[in-house]
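Each remark here refers to the structure printed beneath this line.
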Amino acid sequence: RAAFARLTGLTPGAFAARGLLQADWIDTVLGPMIAVADDNHLHLLEFAERKALPTELKRLHAMTRGQIGFGRPRPTEMAAEQLTSFFAGTCPTFSVPLAYHGSAFAGAVWDALQSIPAGETRSYSEVAAGIGRPDAVRAVARANGANQIAILIPCHRVLRSTGGLGGYHWGTPVKRAMLAWESAQADPAARTALAG
């Protein structure tokens, strides 16, 4: 409770005993993450060190009129289990039900990102063309940057048309690590080398 209070700038008493949304920690091989979910959907999954996290938590706090508490509803439990399996190399996809906080356009982009298989990448222009908006490359990049659900909505799989990494609000080292790990998992020879 004190840690979340520090992150949001709110007092510990500002959090509800049993809110509409519940926050919890998830430990991953890339570092601790914060998940916020209700009983049916995951609303946020961010690395604890992300600079924008306090703003995002405050936005959810305001949206629910202070109804954020602490706990681990089923979507958070699913996210923790599936992230563990993902990083163990036993499950390349996710089935956690997600709640989007953005425009219909952003939602279309986030849907498109989830259709990119692990081990593959797309350019921003390819994503724009894929959703029927080839003229909206910059808007795709903005939607990519507004993603609040790390890894499960794999914005790390989108690169510049030149092949450069481009931006990544969880940091380019995380993006590079994710892409290298997914590429190795998709390549049987590389996977065998990693296991050896």
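Under the working numbering, the first residue of the sequence shown carries the number 147, and numbering increases by one thereafter. Every residue gets a Cβ at the ideal spot worked out from N, C-alpha and C, and that includes glycine. Please read all numbers here as calculations on a predicted model, not as lab measurements.
Assigned secondary structure, residue i (DSSP; H/G/I helix, E/B strand, else coil)
i: H247; result: coil
i: V304; result: strand
i: W316; result: coil
i: A323; result: helix
i: R337; result: For R337, the predicted structure reports a pLDDT of 46, less than 50, and the residue's modelled location is therefore unreliable. The matter cannot be settled from this model.
i: P219; result: coil
i: A287; result: helix
i: R205; result: helix
i: A274; result: helix
i: T174; result: strand
i: Q294; result: coil
i: S329; result: helix
i: E195; result: coil
i: R211; result: coil
i: V255; result: helix
i: A282; result: coil
i: R268; result: strand
i: L311; result: coil
i: L188; result: strand
Residue i to residue j span [Cα, whole Å]
i: L340; j: A330; result: Residue confidence is low: L340 scores 42 on pLDDT, short of 50, so the model does not pin down where it sits. Its coordinate-derived value is still stated next. Those two C-alpha atoms are separated by around 8 Å.
i: W171; j: L229; result: 13 Å
i: D185; j: G217; result: 10 Å
i: P263; j: F233; result: 15 Å
i: L176; j: R196; result: 13 Å
i: G317; j: D281; result: 27 Å
i: D173; j: A149; result: 15 Å
i: R220; j: H187; result: 8 Å
i: V283; j: L199; result: 26 Å
i: R211; j: F193; result: 24 Å
i: G278; j: E266; result: 20 Å
i: L95; j: I180; result: Lying outside 147 to 342, the shown extent of the chain, residue 95 is not represented and no answer is given.
i: V304; j: R152; result: 32 Å
i: G235; j: S307; result: 28 Å
i: P178; j: K321; result: 16 Å
i: Y270; j: L325; result: 16 Å
i: G276; j: E223; result: 32 Å
i: L311; j: C301; result: 11 Å
Supposed close pair residue i, residue j - CB separation, criterion 8 Å
i: H189; j: A245; result: 5 Å
i: A285; j: F251; result: 6 Å
i: G248; j: A289; result: 7 Å
Same chain only: Cβ atoms within 8 Å of residue i, ignoring 5 sequence neighbours per side
i: I299; result: L244, W256, L259, Q260, N293
i: I214; result: F161, A162, G165, L166, L167, Q168, A169, V182, L203, L206, H207
i: G253; result: Y246
i: S231; result: C237
Same chain, Cβ closer than 6 Å to residue i, neighbours up to 5 away in sequence not counted
i: F133; result: Residue 133 cannot be examined here, being either before or after the span of the chain that is shown, 147 to 342.
Cut-off 7 Å between Cβ atoms - residues of its own chain near residue i, not counting five sequence neighbours on either side
i: E328; result: A264, G265
i: R268; result: I262, R303, V304
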